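Chains as they are written, first to last, in our numbering: chain F, 48 to 347; chain B, 810 to 1103. Encoded as structure tokens, the structure appears first; notes follow it.
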């Protein structure tokens, strides 16, 4: 069962290994695999016909469309911010840098509900800009722009957080060499930096995209949940579930679960790829995103 | 460019040891300016709305709003359930990391990849799946209720279950790389000096992974405190019994009590800052430990 070939003094007794393995697998099976399996079992409980009907009805289709729109808007903005932030923080020294780096961790520790609430306080009818927005017949909260703002708040750190350690480890020697050879700033970025960070970018982008498509708490506060208009997929799942349309809720949920599985698969692929590249170039493994190390040893 | 050269002069006059050549590359003003502007517009100004809006209540009103019995009960539940869930994840996360690094078994790579599932799976999906699993008609719920007379869904126990799920990756993913980096030679040396396996684990391995363990624990706890999506479905949401703090903010909002919602959110924001600080300190400790070993 446990094929680690080690001298006995460096390994636990066989029965201990078996128990530890069973405990760990039991825990992961119970809390990780079983919920995942439940999504698909419940989705197909009433058969294919109902499953297909649930994901193609007009409300579901408009929810899918809105989720895709929100993701399509937040991804480029997050990419731009991530690259700008990482460039500023890793290529230059300045005062307050640590504060700036800490700030981008904020959305990870702030509750998504709080993230939604702040935009209601700003743009809601009682909010600071509420009267002005009403006078100009604009709507942000309980409309699509609010959903996008809340999604941006919870997803902006992902790409920056992948790029900063990566670019820090790579240093700026190559960029400086390019500069002395007369390259312009844009050329340096496009020809030197971008090829070096491309896997980190892909990695951050898929994580940020998964969160953008799957965000629930922040979005549910600002969306107002108007069916067919401001409902994202996760909100659509909630409405169906609360209306006791369990199979339909799980059918839409299974699409989101597939998205999550695809995200994990691409993530693993990128980890192997960048770990492989890192070995090829004989760059220390620390230059790969942190989690890549798991991938590196898994392939080894 | 001017800012960049000013920056250089400033750094030079302060005589701080600078990394070689940092500061001669172009784009400092543009990249920093854009990042700071973006952060201000999207994060700082909106977050400032919280304390300012809750100031509408006045100090005594604020205090009354954040210490009402129903609010206090929700803090107790949120922090208590988060603490239990983070402790469970501390023990089983360390165990899972150990098993994933040291042992081989069929399906290990797939399982290793799936550990990140709670990051990738939308919380609402996790919430309804766990509720279906643990409710009276669910696979586990029916077993637990008939076998042990235990009700999990729609009680505080259900909240703990949901928080365990969303916290799984944190401890595993912080401990795993540290375990992989550990050199077998240290264990070899300890064993050759006559240490039993258990002594090696307790005296050599455990101290080495302790900073990572605590970091993972703090991350899982911080995430659990703010969690909403996976909890609301399974919690039952009864005031005083199974109502978490984020939900209380939403119910204040639904009653158009904006200042009250902002007051509770301000308390949660302050907690986030404290946890963020603790996590940063732990990570600095962990980084020092790694340098020391290298």
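C-beta: ideal position from N, C-alpha, C; glycine also. None of these values were measured; they are calculated from a predicted model.
- Taking a beta-carbon distance threshold of 8 Å, residue 315 of chain F counts as an interface residue toward chain B.
- Under the DSSP assignment, residue 849 of chain B falls outside any alpha helix (DSSP H); it carries neither an H nor an E label.
- Those residues of the stretch 984-997 of chain B placed with their C-beta closer than 9 Å to a C-beta in chain F are 985, 986, 989, 990, 993, 996, 997, ordered along the chain.
- The beta carbons of residue 219 of chain F and residue 138 of chain F sit closer together than 8 Å.
- When only Cα atoms are considered, residue 205 of chain F and residue 253 of chain F end up about 9 Å apart.
- Under a 10 Å Cβ-count criterion, residue 94 of chain F is classified as exposed, with fewer than 16 other Cβ atoms of the shown protein chains found around its own Cβ.
- Collapsing the DSSP output to three states places residue 945 of chain B in coil.
- Nearest to residue 242 of chain F by C-alpha distance, out of F/321, F/106, F/70, F/256, is F/321.
- It is roughly 10 Å from the alpha-carbon of residue 1059 of chain B to the alpha-carbon of residue 264 of chain F.
- In this structure residue 936 of chain B touches residue 1039 of chain B by the C-beta definition: roughly 4 Å separates them, less than 8 Å.
- Judged by DSSP secondary structure, residue 221 of chain F falls within the alpha helix (DSSP H) whose first and last residues are 220-227.
- Using a Cβ-Cβ cut-off of 7 Å, residue 119 of chain F is close to nothing in chain B; its nearest Cβ partner there is about 17 Å away.
- The stretch 245-252 of chain F makes no contact with the stretch 916-931 of chain B: fewer than 3 CB pairs, one atom from each, lie closer than 8 Å.
- A contact between stretches requires three or more CB pairs, one per stretch, nearer than 8 Å, and the stretch 938-954 of chain B meets this requirement with the stretch 83-100 of chain F.
- A residue is called buried when at least 16 other Cβ atoms come within 10 angstroms of its Cβ; residue 183 of chain F does not meet this threshold and is exposed.
- Non-local C-beta neighbours of residue 1071 of chain B in its own chain, meaning closer than 7 Å and more than five positions away in sequence, comprise 859, 862, 863, ordered along the chain.
- At a Cβ-Cβ threshold of 8 Å, residue 157 of chain F and residue 1062 of chain B do not count as neighbours.
- DSSP, read as helix, strand or coil, puts residue 992 of chain B in coil.
- Three or more beta-carbon pairs separated by less than 8 Å are not found between the stretch 292-306 of chain F and the stretch 144-160 of chain F, which leaves the two stretches without contact.
- Excluding residues up to 5 positions away in sequence, 1031 lie with their Cβ nearer than 6 Å to the Cβ of residue 1084 of chain B in the same chain.
- Two segments are said to touch when three or more pairs of C-beta atoms, one from each, lie closer than 8 Å; by this definition the stretch 269-288 of chain F touches the stretch 179-196 of chain F.
- Leaving aside the five residues that flank residue 1055 of chain B on each side, the residues in its chain whose CB is nearer than 6 Å to its CB run, in chain order, 1037.
- If you draw a straight line from the Cα of residue 227 of chain F to the Cα of residue 240 of chain F, it comes to about 15 Å.
- With the criterion set as a beta carbon lying under 8 Å from some beta carbon of chain F, the members of the stretch 860-885 of chain B are 862, in sequence order.
- Setting aside the 5 residues that flank it on each side, residue 92 of chain F is surrounded in the same chain by 294, each with a C-beta closer than 7 Å to its C-beta; the list follows chain order.
- For the set B/1081, B/1092, B/1041, B/1049, the Cα lying nearest the Cα of residue 1019 of chain B is the one of B/1092.
- Exclusion of the five residues before and after residue 163 of chain F leaves 197, 265, 268, 269 as the residues of its chain whose Cβ lies within less than 6 Å of its Cβ.
- For residue 932 of chain B, at least one C-beta of chain F is nearer than 8 Å to its own C-beta.
- With at least 16 other beta carbons inside 10 angstroms of its own, residue 128 of chain F counts as buried.
- When the Cα atoms are used, residue 1048 of chain B and residue 879 of chain B turn out to be separated by approximately 7 Å.
- Taking a cut-off of 8 Å for Cβ pairs, the stretch 283-292 of chain F and the stretch 893-910 of chain B do not touch, as fewer than three such pairs fall below it.
- Chain B places a beta carbon closer than 8 Å to that of residue 132 of chain F, counting this residue as a contact.
- The beta-carbon distance between residue 1017 of chain B and residue 987 of chain B, rounded to whole angstroms, is 7 Å. This is short enough to meet the 8 Å contact definition.
- For residue 95 of chain F, the enclosing alpha helix (DSSP H) has its first and last residue at 95-103.
- In the DSSP assignment, residue 907 of chain B falls within the alpha helix (DSSP H) that extends over 878-911.
- Cβ-Cβ separation between residue 1013 of chain B and residue 995 of chain B: approximately 6 Å, consistent with a contact (criterion under 8 Å).
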